[in-house]
Structure formats: C-alpha cells, structure tokens
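There are 2 protein chains.
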Amino acid sequence: MPMKIAPTLAGDVVRALRSVVGDSTVTLHSPTFEGNEWLYLKECLDSTYVSSVGKFVDRFEDDLAKYTGSKYVVSVVNGTAALHIALKLAGVQAGDEVLTPALTFVATANAVTYCNATPHFIDIDEQTLGIDAARLREYLISNTSQQSGRCINKNTGKIIRALVPMHTFGHPSDLENLISIAHDFNIVLVEDAAESLGSYYNGQHTGTFGLLGTLSFNGNKTITTGGGGAILTNNSDLARHAKHLTTTAKLPHAWDFLHDEIGYNYRMPNINAALGCAQLEQLPDKVESKRNLFKKYQHAFDNVQGVRLFSEPKNCHSNYWLQTLLLDEKQAENRDLVLRETNTAGLMTRPAWVLLNELAPFKNFPSADLTTAQSLSRRIINIPSSPGLA
Amino acid sequence: MPMKIAPTLAGDVVRALRSVVGDSTVTLHSPTFEGNEWLYLKECLDSTYVSSVGKFVDRFEDDLAKYTGSKYVVSVVNGTAALHIALKLAGVQAGDEVLTPALTFVATANAVTYCNATPHFIDIDEQTLGIDAARLREYLISNTSQQSGRCINKNTGKIIRALVPMHTFGHPSDLENLISIAHDFNIVLVEDAAESLGSYYNGQHTGTFGLLGTLSFNGNKTITTGGGGAILTNNSDLARHAKHLTTTAKLPHAWDFLHDEIGYNYRMPNINAALGCAQLEQLPDKVESKRNLFKKYQHAFDNVQGVRLFSEPKNCHSNYWLQTLLLDEKQAENRDLVLRETNTAGLMTRPAWVLLNELAPFKNFPSADLTTAQSLSRRIINIPSSPGLA
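Which chain is which? The protein sequence lines are A and B, in order.
Its first residue numbered 55, the first sequence is counted upward by one per residue in our numbering.
Its first residue numbered 55, the second sequence is counted upward by one per residue in our numbering.
Listed below in structure tokens is the structure:
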C-alpha cells in the first residue's frame with residue numbers, strides 16, 4: 055500500500071530535516087571559507103606563481119602527508135587524474151581487469167578505462183556501503199585461477215590486476231579483509247579515498263592502506279581546492295614516478311625539454327593549492343562539525359519509521375562526508391517521492407549513483423552478483439551535509 | 055673558428071638584452087595581475103562556487119568567444135585536455151595517425167597518444183616556425199592514397215585522420231595552405247593554438263580556422279588561469295559534445311547520475327575562471343606590450359651579427375608570446391654558450407623543444423624529412439618576453 059505510506063514518510067523526512075537545519079534552503083554540501091583562504095590567495099597572486107610550480111603546492115603536499123600519515127603525497131588536478139595515475143603505477147595495463155564496486159561515482163570506472171583496462175563490478179555490503187569482502191573472496195575462489203603469480207579471470211582469460219575499494223560517503227570499507235584478499239589473490243590494492251579525507255580505519259587514515267590511494271578536493275568534498283586531487287603512497291619510487299608522470303615526464307635539465315615517457319599535464323596549479331592549504335587547516339573542525347551534524351540527525355530520525363540513518367562501521371572514525379538515509383526495503387519504491395518532496399521543500403537531497411554496470415558505457419563489462427548494491431541503490435538518500443549546518 | 059666567435063656572440067646577446075630589460079634578473083615569461091583579479095577571486099570565494107560550476111566559467115567562455123570570434127568556447131583544465139578532447143571530437147580513433155609538427159611542446163603529441171593514435175611528425179618552415187605546407191603537400195602526394203574518402207598512409211596502412219598545426223611562440227602557421235591541404239586530402243584540421251591567444255591570421259583569430267582549436271592559459275602563457283585551456287569551435291553539436299565529454303558525460307536529470315559514454319573530469323574550476331575573466335580584460339594591453347617589446351628588441355638586435363630576431367609572418371598579427379632569436383647556421387654550435395651566458399647573467403633564455411621524434415616515447419613513430427625542424431631546433435633561443443618588460 056505505498057500510496058498511503060508514501061506521503062507520511064516524505065513528510066516525516068522533511069520535518070526531521072527541518073528540525074536540524076532550520077527553515078532556509080539548504081544545499082547537499084557547500085564549502086565554507088573561514089580561515090586563511092584570503093591571505094594565501096593574495097600571497098599566491100603577489101608572488102605571481104599561480105601555476106605549475108610554487109610553494110603552496112609543496113606545502114599542501116607536506117601538510118597532507120602530515121595529516122594522513124602517508125609518507126608521500128603528489129597533488130594533482132582532480133581525483134579522477136589521481137586514480138588514473140595510481141592505476142598506471144599499480145601496473146594496470148591494456149586488457150587487464152580492475153575490480154571496483156558497482157556503487158561508486160563514475161570516475162572510478164572511467165579511470166580504469168583510461169588505462170585501456172576493463173572495470174569488473176563487484177557487490178557491496180550494508181555495514182560499510184563498500185566492497186563486501188566475504189562475498190568477494192568467494193567470488194574470486196570460484197571465478198579465478200592463479201597463473202605465474204597472477205590472478206586470472208577464468209571467464210574472460212584476463213588478468214585481474216587491481217582491486218579498488220571506494221570509501222562510500224566517507225565511510226571506510228572493510229580494509230582488513232580487503233588487504234587479505236589482495237594478498238591472497240595477488241591483486242594490487244589501490245584505494246579510491248576521494249570521499250574519505252578525514253576518515254580512519256582502526257586509527258589509520260584511509261588511502262594509506264593500499265599500494266597507492268587517491269583523494270579528491272572537488273567543490274563538494276570536505277575540503278576543496280576548486281578542483282584537485284592527490285595520490286598517496288608510502289613507496290618513494292612510486293611517489294617519484296607519480297610526480298614525474300603528472301608533470302609531463304620531463305627530465306631535470308638546465309634548459310632542454312627531455313621527456314622519457316608519455317606523461318600527463320595533471321599537476322595542481324599553485325593557486326588551487328593555496329586554497330587547499332587554508333582549507334586543510336580547518337579540516338579537523340570541519341570533520342568535527344560533520345560528526346556533530348550526524349548526531350543531530352540521529353536524534354531527529356530516531357522516531358521516523360521506515361528509514362534509518364547510516365552510521366560509521368565499527369572500528370572506524372568517519373568524516374561523514376555525505377549523511378545517508380537508508381530506506382527500509384518496503385519503502386524503496388517511495389524513494390523518488392521523498393527526493394521530490396525534500397527538493398521541492400528546498401532541502402537538497404539525492405539518491406546514490408546509478409549502478410555503473412547499468413550505464414551504457416559499462417554494460418558489457420564483467421559483473422559479480424550485485425544483489426546488495428541493487429538493493430542499496432534503490433534505498434539510499436543523501437541529505438544536506440555541509441559542515442556549516444552543525 | 056667558433057672558439058673565437060662564440061664569446062663575442064654571447065656577450066653581444068647579453069648586452070642587447072640588457073639594453074632592453076635593464077639590470078635586474080628577468081624570467082622568460084611571468085604573468086602580471088593588474089586588473090580585477092582580486093575582485094573576482096573575492097566574489098568567487100564569497101559565492102562559495104569555487105569548483106565545477108559557477109558564473110565565472112560561463113562568463114569566461116562568453117568573453118573568450120567574443121574575443122576570438124569563435125561561436126562556441128568550452129573551458130577546460132588545461133591545454134592538453136583541450137587537445138585530447140578536440141582530437142576525439144575530430145574523429146581520431148585508436149590506430150589512426152595524426153600529423154603534427156616535430157617542433158612543438160610534448161603535449162601536442164601526448165594528446166594524440168591519449169586517443170591511442172600515433173603522432174606522425176612533419177617538417178616546419180623558417181617563415182612561420184609552423185608546418186611547411188608546400189612540403190607537406192608533396193609528402194602527402196608521395197606517401198598517401200585516398201580510399202573511400204580517407205587518407206591512408208601507404209607505408210603503415212593507417213588512416214591519417216587529423217592535421218594539427220601548432221602556432222609556434224604565438225606566430226600563426228600558414229593556415230590558408232594548410233586548410234587547402236586538409237580539404238584536398240580529407241584530413242580534419244585541428245589547431246593547437248595553445249601559444250597564440252591574441253594572434254590573428256588575415257584578421258581572423260588563430261584557433262578558429264580548423265574544425266576545432268585549442269587554447270592554453272598555463273602560467274607561462276599570455277594570460278593565465280593558473281592552469282587552464284579551452285576548446286574553440288563554430289559547430290554547435292561539437293561544442294555541446296565537448297562540454298558533455300569534459301564534464302563526465304552526465305545527462306541532465308533532477309537527481310540521477312546517468313552517464314551515456316566514457317567521460318572526463320576536465321572542467322575548469324570556477325576559481326580559475328575568475329582569474330581568467332580578470333586576465334582576459336587585460337589581454338589587449340598585454341599583446342600591445344609584447345608587440346612593443348618586440349620593437350625594442352628589434353632595435354637592440356639590429357646590429358648584432360650572427361643572429362636575427364624572428365618577426366611575425368606576413369598577413370599575421372602575432373601576440374609575440376615568446377620572443378625568438380634565430381642564430382645563423384654557422385652560429386648554431388654556439389647556442390649552448392649563449393644559453394649559459396645569458397642564464398648566468400640572470401637573463402632567462404631557453405632553446406626550442408627537443409624535436410619530438412628524438413624523444414624516447416616517440417622514436418618509433420612515423421616522420422617525414424625534418425631538415426628545417428632539425429636546423430631550427432639547433433638555432434632557436436627564446437628570450438625574456440613578459441609583457442611587463444615593455
């Protein structure tokens with residue numbers, strides 16, 4: 055009887071949201087600039103170093119290394135570029151397959167295709183919204199074989215080169231078990247931590263568990279550089295190579311233009327890094343605000359029937375990048391009604407991404423069973439999450 | 055007897071440069087921020103729209119369209135990204151060949167490889183420093199055949215899909231004859247106008263002659279957005295598709311994430327566009343300053359033996375992005391001495407790029423005879439060119 059329940063649920067959600075965010079129109083996630091943004095932008099302009107080199111790029115990388123605990127950080131133009139280069143450095147080659155969750159932003163799979171490799175979609179679990187490690191292990195046991203230390207997809211004959219967990223809405227995936235799978239099946243772990251700056255798994259920052267990890271500083275993220283991303287690694291050779299590849303692969307020389315491989319123009323401009331330095335100083339406060347917002351929402355949604363607020367997985371400290379409602383299975387068909395009523399009320403909400411295996415460009419790529427992803431994709435609603443709302 | 059001549063030439067060059075730029079240390083090209091940069095950056099921050107959407111992106115594209123006379127402009131993250139997408143939209147596919155000058159920045163050829171196509175290097179001429187149209191025509195007559203309206207390289211069997219003139223140091227290539235070649239041989243013309251914003255050929259802005267053209271706003275260019283580029287076209291379908299491909303190929307929808315092809319995260323952030331709007335307002339003055347600097351250098355180098363200052367090709371109005379000395383053939387072996395003495399004296403100079411066919415990643419790709427490019431690459435020295443020097 056959805057026609058009867060639906061108005062109630064949508065109305066309840068609107069009221070619960072209003073009780074937290076007040077009466078004004080609110081976006082899904084807006085950045086705030088409350089620190090040294092001005093000072094650093096002015097310093098950057100005054101220096102005339104706004105572009106491909108400058109002290110803010112170095113400083114942003116150093117500050118990020120300190121914050122995340124990653125030994126090395128290479129800043130780049132956005133998270134997609136970061137993942138493209140991380141996959142290349144992980145050894146992903148033309149014809150390989152790369153395991154990614156089916157429920158993720160399209161950039162995760164796009165980056166795989168830039169390596170002329172194929173995304174291979176796997177299921178997620180409801181505890182983390184990230185890859186379901188137990189089911190992945192079963193799937194790999196049934197569908198792969200080991201040949202000369204490589205994991206071969208028995209159905210396609212292709213090498214499964216990398217595994218890319220994405221820490222959905224800032225919540226860490228089941229890293230301990232994913233690391234174990236990567237080890238057991240000879241697959242390289244590369245973390246897509248685009249959404250999880252400020253999120254920790256067992257006290258260690260996301261993006262620092264894999265051989266490489268990547269971050270995003272797009273305008274909708276916890277901190278922003280306008281557009282930007284970063285590659286994290288503890289391997290000095292990979293870090294050097296990442297910097298080289300993202301800066302046109304130019305060799306050091308007093309004046310000659312010598313490039314020893316096909317490179318990319320992926321460096322973060324200094325002016326974007328200047329913004330990033332100021333934003334990063336405010337990151338602990340922003341994460342704290344976002345965690346407080348979660349508590350307020352938790353209180354507000356405590357008595358709303360048919361929906362629950364997603365909370366961080368155990369042993370995790372999440373940045374709560376996007377606050378997330380999970381509709382009960384029987385309310386899934388009312389998702390669009392809730393979306394419509396909240397957005398009409400000036401409360402910006404959105405569903406999860408369409409599963410990537412359902413998009414035209416990825417329809418013919420391999421997929422595991424995606425039962426949980428399919429269920430969650432019909433039941434997730436992200437609600438206003440700006441740190442300023444707390 | 056180079057050992058005797060060399061010290062004189064290098065000393066003469068240093069003296070001539072000093073007579074124009076004065077006693078201080080000077081860079082090759084530095085940006086200046088003398089207009090509304092502050093105002094627009096502040097407006098951008100205050101709006102909180104620093105990232106993937108915002109009014110400065112739209113305005114920058116509109117202003118560029120007005121300035122260049124291109125019907126449509128799509129701003130992107132840098133000139134390399136612009137060329138990558140322009141080549142894709144020109145129909146460049148895996149296995150194709152794309153004609154590019156051997157003397158250009160590595161990005162021209164890199165962008166070709168991103169399409170899984172092969173750069174095919176051709177010679178330049180000393181009047182324009184761009185592609186030698188007459189010799190290209192001869193080369194195509196001898197080395198290609200037409201099959202079903204396509205130009206086939208008889209030596210490799212591959213389709214020659216596109217021709218990419220690059221307007222070297224801001225000087226327009228021989229566009230009239232290149233257009234005629236593209237027409238006669240069924241090759242798509244895509245202009246790499248990364249260096250030539252503000253340069254005109256027969257009164258028409260460079261980058262608007264081909265099916266598509268591309269610009270760069272890197273920090274070393276005539277105007278800068280920190281990092282940035284743009285795609286120019288007069289074709290509305292291509293413009294729409296360029297915007298679509300550079301913004302993750304997302305379809306318009308109230309909330310769903312639907313992507314109908316493999317897209318790219320190539321959009322220019324609003325904060326970079328804000329800088330660009332302010333810079334673009336100053337472009338006419340900057341070009342005027344750079345043309346005045348040329349006249350000063352012309353006077354200063356008038357009596358220096360063994361070298362001449364490169365001046366704009368006939369029927370062209372050049373932005374003189376990088377001022378260029380051409381050493382006489384017999385002085386070529388003294389190029390490094392001149393580079394060393396000028397740089398040691400605090401006058402930043404640099405040679406032309408190493409010819410791309412000589413770089414490791416491009417060594418095995420097809421090349422025409424490159425006699426003039428080889429000669430020029432040993433004889434070119436770029437000298438300090440900032441608009442502020444005039």
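Glycine residues also receive a C-beta, built at the ideal position from the N, C-alpha and C atoms.
These figures come from a predicted structure and were not determined experimentally.
_Contact the segment 270-284 of chain A vs the segment 188-208 of chain A: 3+ CB pairs below 8 Å_ = no
**Request:** Determine the DSSP secondary structure at Lys58/A, reduced to helix, strand or coil.
**Result:** Along the first sequence, read from residue 1 onward, the residue named residue 58/A stands at position 4. Here Lys58/A scores only 49 on pLDDT, less than 50, and its place in the model should not be relied on; the value that follows carries that caveat. Lys58/A: helix per DSSP, three-state reduction.
Would you mind stating whether Ser421/B and Asn436/B have Cβ atoms separated by less than 8 Å? Looking up residue 421/B in the second sequence gives position 367. Looking up residue 436/B in the second sequence gives position 382. It is not a contact, given that the beta carbons lie outside the stated cut-off.
Who pairs with Tyr254/A in a beta bridge, going by DSSP?
One-based indexing of the first sequence puts residue 254/A at position 200. Bridge partners of Tyr254/A: His259/A and His371/A.
Checklist entry - By how many angstroms is the C-alpha of Lys384/B removed from the C-alpha of Arg432/B? => result Walking along the second sequence from the start, residue 432/B turns up at place 378. Walking along the second sequence from the start, residue 384/B turns up at place 330. Using only the alpha carbons, I get a separation of about 11 Å.
ask   = Can you list the residues of chain A that Trp309/B reaches, using a CB-CB cut of under 8 Å?
value = For the purposes of this step, residue 309/B is identified with residue 255 of the second sequence, where counting begins at 1. Per Cβ cutoff of 8 Å: Leu393, Asn397, Thr403, Arg404 and Pro405.
Are Phe239/B and Leu183/B close, meaning C-beta to C-beta below 8 Å?
Taking the second sequence and counting its residues from 1, one reaches residue 239/B at position 185. Taking the second sequence and counting its residues from 1, one reaches residue 183/B at position 129. No, they are not a contact pair.
Can you say whether Arg321/B is buried or exposed, counting buried as having 16 or more other CB atoms within 10 angstroms of its CB?
Numbered from its first residue, the second sequence carries residue 321/B at position 267. Answer is buried; the Cβ neighbour count reaches 16.
task: Assess, as a yes-or-no matter, whether the segment 301-320 of chain A is touched by the segment 79-98 of chain A under the definition of 3 or more beta carbon pairs within less than 8 Å.
output: no
**Gly76/B versus Leu443/B - alpha carbon distance** = Taking the first residue of the second sequence as 1, we reach residue 76/B at position 22. Taking the first residue of the second sequence as 1, we reach residue 443/B at position 389. One C-alpha to the other measures close to 9 Å.
- Could you tell me which chain B residues have their CB closer than 7 Å to the CB of Thr278/A, listed as they occur along the chain? Position 224 of the first sequence holds residue 278/A. Under the 7 Å cutoff, chain B gives Val104 and Ser105.
### Task
Return the CA-CA distance between Ala188/A and Asn231/A, expressed in angstroms with no decimal places.
Reading the first sequence from its first residue, position 134 is the one you call residue 188/A. Reading the first sequence from its first residue, position 177 is the one you call residue 231/A. About 8 Å.
_Just list the residues that DSSP pairs Cys169/B with in beta bridges._
Start at 1 with the first residue of the second sequence, and residue 169/B comes out as number 115. Looking at the DSSP assignment, Cys169/B forms no beta bridge with any residue, so it has no partner.
Practice item. Quick one: measure Cβ to Cβ for Gly261/A and Thr122/A, integer angstroms, because I've assumed they're closer than 8 Å. Key: Locating residue 261/A in the first sequence gives position 207, where the first residue counts as 1. Locating residue 122/A in the first sequence gives position 68, where the first residue counts as 1. At roughly 6 Å, the Cβ-Cβ gap stays under 8 Å, so Gly261/A and Thr122/A are in contact.
Q. Residues in the segment 80-93 of chain A with C-beta within 8 Å of chain B's C-beta atoms, listed in sequence order?
A. Ser84, Pro85, Thr86, Phe87, Glu91 and Trp92
| Shorter than 8 Å from the beta carbon of Gly224/B to some beta carbon of chain A? | On the second sequence, position 170 is the one that residue 224/B refers to. By this cut-off, Gly224/B is not an interface position.
Roughly how many angstroms separate the alpha carbons of Leu118/A and Asn288/A, rounded to a whole number? Looking up residue 118/A in the first sequence gives position 64. Looking up residue 288/A in the first sequence gives position 234. C-alpha separation (whole angstroms): 13 Å.
- Item | Amino acids of chain A, ordered along the chain, whose beta-carbon sits closer than 8 Å to that of Glu315/B | On the second sequence, position 261 is the one that residue 315/B refers to. Correct list: Ala414 and Pro415.
Fill in: Residue-chain proximity (Leu143/A, chain B), Cβ-Cβ < 8 Å
One-based indexing of the first sequence puts residue 143/A at position 89. Not one chain B Cβ lies under 8 Å of Leu143/A.
| request: State the DSSP-derived secondary structure class of Tyr320/A, mapped to helix, strand or coil. | output: Taking the first residue of the first sequence as position 1, residue 320/A is located at position 266. Reduced to three states, the DSSP call for Tyr320/A is coil.
field: Proximity test, Cβ basis, 8 Å: Gly273/B and chain A
entry: As a working mapping, residue 273/B is identified with position 219 in the second sequence. Answer yes: the Cβ-Cβ gap between Gly273/B and chain A drops below 8 Å somewhere.
Flag this pair as yes or no: are the beta carbons of Tyr374/B and Arg345/B separated by less than 8 Å? To locate residue 374/B, count along the second sequence from 1; it is residue 320. To locate residue 345/B, count along the second sequence from 1; it is residue 291. In this structure, Arg345/B lies closer than 8 Å to Tyr374/B by Cβ.
Item to complete: Output, in chain order, the set of chain B residues within a Cβ distance shorter than 7 Å of Asn369/A.
Response: Taking the first sequence and counting its residues from 1, the one referred to as residue 369/A is at position 315. Those within 7 Å of Asn369/A in chain B number zero; the least Cβ separation is about 30 Å.
| the segment 170-183 of chain B contacting the segment 413-429 of chain B, beta-carbon criterion three pairs below 8 Å | yes
**OP:** Enumerate, from N- to C-terminal direction, the unbroken beta strand (DSSP E) stretches of 3 or more residues contained entirely within the segment 86-131 of chain B.
**Re:** 126-130
Kindly indicate the opening and closing residues of the beta strand (DSSP E) around Gly133/A.
Along the first sequence, one-based indexing puts residue 133/A at 79. Counting along the chain, Gly133/A falls outside any beta strand (DSSP E), though it belongs to the alpha helix (DSSP H) covering Gly133 to Leu143.
Buried or exposed: which applies to Ala307/A, given that a residue is buried once 16 or more other Cβ atoms fall within 10 Å of its Cβ?
Stepping through the first sequence from its first residue, residue 307/A is reached at position 253. As written in the sequence, residue 307/A is His, which differs from the Ala given in the question. Per the 10 Å Cβ criterion, exposed.
### Query
Can you list the residues of chain A that Val408/B reaches, using a CB-CB cut of under 7 Å?
Stepping through the second sequence from its first residue, residue 408/B is reached at position 354. What Val408/B touches in chain A: Asp310, Phe311 and Leu312.
Practice task
Measure the C-alpha to C-alpha separation of Gly203/A and Ala144/A and round it to an integer number of angstroms.
Solution key: For the purposes of this step, residue 203/A is identified with residue 149 of the first sequence, where counting begins at 1. For the purposes of this step, residue 144/A is identified with residue 90 of the first sequence, where counting begins at 1. Using only the alpha carbons, I get a separation of about 15 Å.
On the criterion of 16 or more Cβ atoms from any shown chain inside 10 Å, does His353/B qualify as buried, or is it exposed?
Numbered from 1 along the second sequence, position 299 holds the residue referred to as residue 353/B. Its Cβ having fewer than 16 others within 10 Å, His353/B is exposed.
* Give a yes or no on whether 8 Å exceeds the smallest Cβ distance from Asn411/A to chain B. => Here residue 411/A is taken as the residue at index 357 of the first sequence, counted from 1. Closer than 8 Å: no.
| Under 8 Å, do Ile214/A and Ile195/A count as touching if we go by C-beta distance? | In the first sequence, the residue the question calls residue 214/A occupies position 160. In the first sequence, the residue the question calls residue 195/A occupies position 141. Contact flag unset, no.
message: Among the candidates Asn357/A, Ser84/A, Phe271/A and Ser234/A, whose CA atom is the shortest distance from the CA of Ala247/A?
response: Looking up residue 247/A in the first sequence gives position 193. Among Asn357/A, Ser84/A, Phe271/A and Ser234/A, the Cα nearest to that of Ala247/A is on Phe271/A.
Whether or not the segment 356-363 of chain A and the segment 131-150 of chain A are in contact is what I'm after, with contact meaning three or more pairs of Cβ atoms, one per stretch, closer than 8 Å; do they touch? no
My understanding is that Asp179/B touches Thr426/B, with C-beta atoms under 8 Å, so please give their C-beta distance in whole angstroms.
-> Translated into positions along the second sequence, residue 179/B becomes position 125. Translated into positions along the second sequence, residue 426/B becomes position 372. That pair is a contact at about 6 Å.
- Opposing strand residues paired with Arg204/A [DSSP bridges]: Mapped onto the first sequence, residue 204/A falls at position 150. Answer is Gln201/A.
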